[in-house]
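A.B. asks:
There are 2 protein chains.
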Amino acid sequence: METYRGPDGWEILGDPSRRAIVECLARRPRAVGELAEELPISRPAVSQHLRVLKDAGLVDDEAAGTRRVYRLNPAGVSALRDQLDMFWQRTLRGFEEIVENEEQA
Amino acid sequence: METYRGPDGWEILGDPSRRAIVECLARRPRAVGELAEELPISRPAVSQHLRVLKDAGLVDDEAAGTRRVYRLNPAGVSALRDQLDMFWQRTLRGFEEIVENEEQA
DNA sequence: CCAATCGGTAAGTTGTAACTTACCGTTCGT
DNA sequence: ACGAACGGTAAGTTACAACTTACCGATTGG
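Chains A and B are the protein sequences, given in the same order.
So for the first sequence, the UniProt record's numbering puts the first residue at 1; every next one is plus one.
So for the second sequence, the UniProt record's numbering puts the first residue at 1; every next one is plus one.
#1: Return the residues of the segment 7 to 21 of chain B that lie within a Cβ-Cβ distance of less than 7 Å from chain A, sorted by chain order.
#2: Touch check for the segment 69 to 80 of chain A and the segment 13 to 25 of chain B: three-plus C-beta pairs under 8 Å?
#3: How would you call residue 113(A), buried or exposed, if buried means at least 16 neighbouring beta carbons within 10 angstroms?
#4: Taking its Cβ as the centre, do 16 or more other Cβ atoms sit within 10 Å of Arg-30(A), making it buried, or is it exposed?
#5: If you follow the alpha helix (DSSP H) that Leu-84(B) is in, where does it begin and where does it stop?
#6: To be precise: take each residue of the segment 62 to 79 of chain A, compare its Cβ to all Cβ atoms of chain B, and keep it if any distance is under 8 Å. Which residues remain?
#7: Please classify Ala-63(B) as buried or exposed, where buried requires at least 16 other C-beta atoms within 10 Å of its C-beta.
#8: Locate the alpha helix (DSSP H) running through Asp-55(B), then write down its first and last residues.
#9: Specify, as a first and last residue, the run of the alpha helix (DSSP H) that Gly-65(A) falls within.
#10: Shorter than 9 Å from the beta carbon of residue 122(A) to some beta carbon of chain B?
#11: From the beta carbon of Gly-57(B), is the nearest beta carbon of chain A less than 9 Å away?
#12: Measure the C-alpha to C-alpha separation of Pro-40(B) and Glu-37(A) and round it to an integer number of angstroms.
#13: Starting from the beta carbon of Gly-94(B), find every residue of chain A whose beta carbon is closer than 7 Å, and list them in chain order.
#14: Would you tell me roughly how many angstroms separate the C-alpha atoms of Leu-84(B) and Ser-42(A), rounded to the nearest one?
#15: Are Val-59(B) and Gly-33(B) close, meaning C-beta to C-beta below 9 Å?
#16: According to DSSP, what are the bridge partners of Ala-31(B)?
#17: Taking only the alpha-carbon atoms, compute the straight-line gap between Gly-94(A) and Gly-14(B) and give it to the nearest angstrom.
#18: Take Gln-48(B) as the anchor and find which of Glu-96(B), Leu-92(B), Pro-74(B), Ile-12(B) has the nearest alpha-carbon.
#19: Tell me the rounded alpha-carbon separation between Arg-71(A) and Arg-28(A).
#20: Checking 9 Å against the spacing of the C-beta atoms, do Ser-17(A) and Ala-45(A) come in under that value?
#21: Along chain B, which residues have their Cβ under 9 Å away from the Cβ of Arg-90(A)?
#22: Near Ser-73(A), which residues of its chain fall below 8 Å by C-beta distance, leaving aside the five closest residues on each side in sequence?
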């Protein structure tokens, strides 16, 4: 089915668990198990989400003994932010013209 | 499955067809059939997306003969925008502190 | 070493959202 | 009044993403 393609920023942050992980990592870096404790999902599920976030460049990971610490990647975050902003710019340009026209009526 | 709940802004704009519709309506109001012509999906599919967008307060519709013209609802759009911004604010607060700390190292 | 901790991966399930086709009511022009 | 255009809705399918459990390798401490 899938009409268009590409795991863009919307698809990445479209998942609530992923957003929770991002917010969590924004406060401080965490190991996988720590994240799982704070979320209502299993550790493997967290692992899979982290994979998506890492592929998207949103997080970096670092081995620390048997643990693996994940942290937000500032560059990735701001890139994603920019990507989403583009949608609003495209949408709101042209749109404000319409609003102005209608407010005359 | 679904861990959290609520058709929030992310779920609404998470769908590419819906984003395309919003961008389309941002340029100018359109009838359902017109939208369907510009999109690679059927007219009923468009109708269903419009329902979601209308329930979310993102679009308004107006009967015009046998046709029904949809247009973006400015208030809804800006409300949605604000909702998404809240995520970034929550995320980026606390996060910039971390970035600053790391840039010292 | 051995046991324990930690995390990634494989495999399988399952709910759901995005579509389709088919149908029906409404509006309008002639 | 009839046919055509238009759009909403019902019903069914289907692809997929988000989970789960089970397993396995790697690291570490005693």
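Here a beta-carbon is modelled for each residue, glycine too, at the ideal position from N, C-alpha and C.
C.D. replies: The short version:
#1: Trp-10, Glu-11, Leu-13, Gly-14, Pro-16, Ser-17, Arg-19
#2: no
#3: Because chain A spans 1 through 105 in this model, residue 113(A) falls outside it and cannot be assessed.
#4: buried
#5: 74 to 92
#6: Arg-71, Leu-72, Pro-74, Val-77
#7: exposed
#8: In the DSSP annotation of this structure, the continuous segment of the alpha helix (DSSP H) that includes Asp-55(B) starts and ends at 43 to 55.
#9: For Gly-65(A), no alpha helix (DSSP H) run applies, since DSSP gives it neither H nor E.
#10: There is no way to answer for residue 122(A), as the model of chain A reaches only from 1 to 105.
#11: Answer no: the Cβ-Cβ gap between Gly-57(B) and chain A never drops below 9 Å.
#12: 43 Å
#13: Ala-26, Arg-27
#14: If you draw a straight line from the Cα of Leu-84(B) to the Cα of Ser-42(A), it is about 27 Å long.
#15: In this structure, Val-59(B) sits away from Gly-33(B), with a CB-CB distance that is not shorter than 9 Å.
#16: Paired residues: Val-69(B).
#17: Their Cα atoms are separated by approximately 22 Å.
#18: Ile-12(B)
#19: 7 Å
#20: Yes, Cβ-Cβ distance for Ser-17(A) and Ala-45(A) is below 9 Å.
#21: Under the 9 Å cutoff, chain B gives Glu-23, Ala-26.
#22: As written in the sequence, residue 73(A) is Asn, which differs from the Ser given in the question. Excluding positions up to five away in sequence, the list reads Gly-57, Leu-58, Val-59, Asp-60.
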